[in-house]
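Beneath this line is the structure, given in structure tokens, with notes to follow.
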Amino acid sequence: MITRRNLLQVTASEALLSGCTVGRAASAGPDPAMPPPAAGAPQTGGALKTGGTPTAVAPLPPLPPGLPDQIEHGPRTKQQLALTFHGQGDPALAESLLTAVERFGARVTVLAVGDWLDAYPQLAARVLAGGHELGNHTQTHGDIGSMDADAATAEIEGCARRLRELTGSPGRWFRASQARLTTPLVVSLAQKAGYPHLLAYDVDPLDYTDPGPEAVRSAVAAKAGPGSVVSLHFGHSGTVAALPGILDDLDRRGLRAVTTSELLT
19 MITRRNLLQV TASEALLSGC TVGRAASAGP DPAMPPPAAG APQTGGALKT GGTPTAVAPL
79 PPLPPGLPDQ IEHGPRTKQQ LALTFHGQGD PALAESLLTA VERFGARVTV LAVGDWLDAY
139 PQLAARVLAG GHELGNHTQT HGDIGSMDAD AATAEIEGCA RRLRELTGSP GRWFRASQAR
199 LTTPLVVSLA QKAGYPHLLA YDVDPLDYTD PGPEAVRSAV AAKAGPGSVV SLHFGHSGTV
259 AALPGILDDL DRRGLRAVTT SELLT
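For the sequence shown, the residue numbers in this note's numbering are 19 to 283.
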């Protein structure tokens with residue numbers, strides 16, 4: 019008898035092993051840069067460019083007042099959590115992961131690295147077309163907390179510019195690179211660039227160290243609960259293989275994976 023859990027595990031494994039590739043789309047050239055929104059302004063969707071045909075991106079709901087500068091988790095009173103992914107690495111693995119998420123009816127937040135979007139611009143459309151959320155994870159994923167103001171600004175604004183070129187919006191969220199929480203300088207620079215709140219996390223299964231699918235799944239099961247923001251990564255086959263089990267575990271506990279904006283609103 020095929021159960022939903024077995025079906026999910028099979029389909030994710032098939033997607034991972036199929037060897038499907040996502041070709042590098044040639045960029046049609048950048049649009050004129052839009053000015054960044056004022057700090058504190060709500061981030062709204064723009065026109066998503068897919069083969070030259072704009073596709074509407076729904077406006078995001080406003081965030082509640084009183085959120086901290088660096089958000090580590092959402093309300094603990096909701097049976098929801100946010101699975102967030104660092105957007106970098108093999109595009110075929112990213113496609114496999116998103117497909118597995120969508121088969122389960124879940125939605126995630128992707129914090130994309132700007133030079134990854136430079137190489138694979140079609141993935142911005144792919145993320146948003148699945149109902150997911152797309153944000154900024156710096157331009158090159160360097161150690162932003164150790165940079166001076168000019169270098170850190172270039173990292174934040176470079177990725178924001180690329181997001182605007184591809185989607186019409188810089189996204190609501192900025193996540194600092196190479197640190198869970200970042201420095202006051204980076205916070206202030208991100209806010210100046212139009213990100214009132216930085217997205218941190220409270221659960222880190224260290225999937226980027228490639229400990230194996232069962233270790234990733236077990237770490238999420240042990241640490242994640244209502245309101246959690248879980249840090250995961252594209253580009254790691256173990257994460258793709260672990261995902262059906264993670265989603266199955268959450269389902270059995272009555273927890274639903276939603277975008278960060280949905281979790282907080």
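All C-beta atoms, glycine included, are put in the ideal place defined by N, C-alpha and C. All values derive from a computational prediction rather than experimental measurement.
- Taking the continuous alpha helix (DSSP H) assigned at A194, which residues delimit it? Your numbering for residue 194 matches position 176 in the sequence shown. Unbroken run through A194: none, as it is neither H nor E.
- Item | Alpha-carbon spacing of R179 relative to S164, whole angstroms | The residue given as residue 179 occupies position 161 in the sequence shown. The residue given as residue 164 occupies position 146 in the sequence shown. Using only the alpha carbons, I get a separation of about 22 angstroms.
- Message: Rounding to the nearest angstrom, what Cα-Cα distance links D267 and L216 in this structure?
- Response: By one-based count along the sequence shown, residue 267 stands at place 249. By one-based count along the sequence shown, residue 216 stands at place 198. When rounded, the distance between both Cα atoms is 28 angstroms.
- On the three-state DSSP scale, how would you describe E90? In the sequence shown, counting from the first residue as 1, residue 90 sits at position 72. Looking at E90 - three-state DSSP - the assignment turns out to be coil, as it is neither helix nor strand.
- Neighbour-count burial assignment, Q196, 16 or more Cβ in a 10 Å radius: Along the sequence shown, read from residue 1 onward, the residue named residue 196 stands at position 178. Under this definition Q196 is an exposed residue.
- If V247 sits next to H91, beta carbons under 8 angstroms apart, how far is it from one beta carbon to the other, in whole angstroms? Here residue 247 refers to the residue found at position 229 when the sequence shown is read from its first residue. Here residue 91 refers to the residue found at position 73 when the sequence shown is read from its first residue. At roughly 5 angstroms, the Cβ-Cβ gap stays under 8 angstroms, so V247 and H91 are in contact.
- Query: Do R125 and H104 come within 7 angstroms of each other at the CB atom, strictly closer than that value?
  - Reply: For this step, residue 104 is matched to residue 86 along the sequence shown. For this step, residue 125 is matched to residue 107 along the sequence shown. No, the pair does not count as a contact, with Cβ atoms beyond the cut-off.
- Query: If you draw a straight line from the C-alpha of Q88 to the C-alpha of K210, how long is it?
  - Reply: On the sequence shown, position 70 is the one that residue 88 refers to. On the sequence shown, position 192 is the one that residue 210 refers to. Going by the C-alpha atoms only, they are around 14 angstroms apart.
- Query: Using CA coordinates, which residue listed in A169, Q106, P86 and T283 is at the minimum distance from H251?
  - Reply: The count along the sequence shown starts at 1 and reaches residue 251 at position 233. For H251, the nearest C-alpha among the options comes from Q106.
- Message: Please tell me whether G256 and P231 are closer than 7 angstroms, where the distance is taken between their beta carbons.
- Response: By 1-based counting over the sequence shown, the position of residue 256 is 238. By 1-based counting over the sequence shown, the position of residue 231 is 213. In contact: G256 and P231 (Cβ atoms closer than 7 angstroms).
- Identified DSSP bridge partners for E151: As a position in the sequence shown, residue 151 is number 133, starting the count at 1. T127.
- Inter-residue Cα distance where the pair is F122 and L265: Counted from its first residue, the sequence shown places residue 122 at position 104. Counted from its first residue, the sequence shown places residue 265 at position 247. Using only the alpha carbons, I get a separation of about 7 angstroms.
- Using the Cα positions of P214 and T117, report the straight-line distance between them to the nearest angstrom. Here residue 214 refers to the residue found at position 196 of the sequence shown. Here residue 117 refers to the residue found at position 99 of the sequence shown. For P214 and T117, the distance between alpha carbons rounds to 31 angstroms.
- Buried versus exposed, by CB contacts within 10 Å (16 or more), Q98: Residue 98 sits at position 80 when you count from the first residue of the sequence shown. Classification for Q98: buried.
- Message: Please state whether the Cβ-Cβ distance between D108 and G253 is less than 7 angstroms.
- Response: On the sequence shown, residue 108 is found 90 positions in, with the first residue counted as 1. On the sequence shown, residue 253 is found 235 positions in, with the first residue counted as 1. Taking 7 angstroms as the Cβ cut-off, D108 and G253 qualify as a contacting pair.
- S187 versus D133 - alpha carbon distance: As a working note, residue 187 is residue 169 in the sequence shown. As a working note, residue 133 is residue 115 in the sequence shown. Going from the Cα of S187 to the Cα of D133 covers about 17 angstroms.
- Query: Where L261 and N154 are concerned, what is the direct C-alpha to C-alpha distance, given to the nearest angstrom?
  - Reply: Position 243 of the sequence shown, counting from 1, holds the residue named residue 261. Position 136 of the sequence shown, counting from 1, holds the residue named residue 154. Distance between the alpha carbons of L261 and N154: 23 angstroms.
- Query: beta strand (DSSP E) containing V276: first to last residue?
  - Reply: Here residue 276 refers to the residue found at position 258 of the sequence shown. Unbroken beta strand (DSSP E) run through V276: R274 to V276.
- Message: Let me confirm a value: D225 is counted as buried when at least 16 other C-beta atoms fall within 10 Å, else exposed. Which label applies?
- Response: By one-based count along the sequence shown, residue 225 stands at place 207. D225 should be labelled buried.
- Task: Rounded to whole angstroms, what's the CA-CA distance from L85 to S236? Just pull it up for me.
- Result: Counting from one through the sequence shown, the residue named residue 85 turns up at place 67. Counting from one through the sequence shown, the residue named residue 236 turns up at place 218. Whole-angstrom Cα-Cα distance: 30 angstroms.
- Query: Which two residues bound the contiguous beta strand (DSSP E) that contains V221?
  - Reply: Counting from 1 along the sequence shown, the entry for residue 221 is found at position 203. It is not in any beta strand (DSSP E) - V221 carries neither H nor E in the DSSP assignment.
- Message: To the nearest angstrom, how far is the alpha carbon of V17 from that of K241?
- Response: Here the chain covers residues 19 to 283 and nothing more, so residue 17 does not appear.
- Have a look at the DSSP bridge pairing and note the partners of F103. Mapped onto the sequence shown, residue 103 falls at position 85. F103 is bridged to V128 and L250.
- Of all the options T283, P244 and L282, which has the alpha carbon lying nearest to the alpha carbon of S269? The residue you call residue 269 lines up with position 251 of the sequence shown. Here residue 269 turns out to be Asp, not Ser, going by the sequence shown. Of the candidates T283, P244 and L282, the one whose C-alpha sits nearest the C-alpha of D269 is P244.
- Task: Per DSSP, which residues does Q98 bridge with? Please list them.
- Result: One-based indexing of the sequence shown puts residue 98 at position 80. Q98 pairs with R274.
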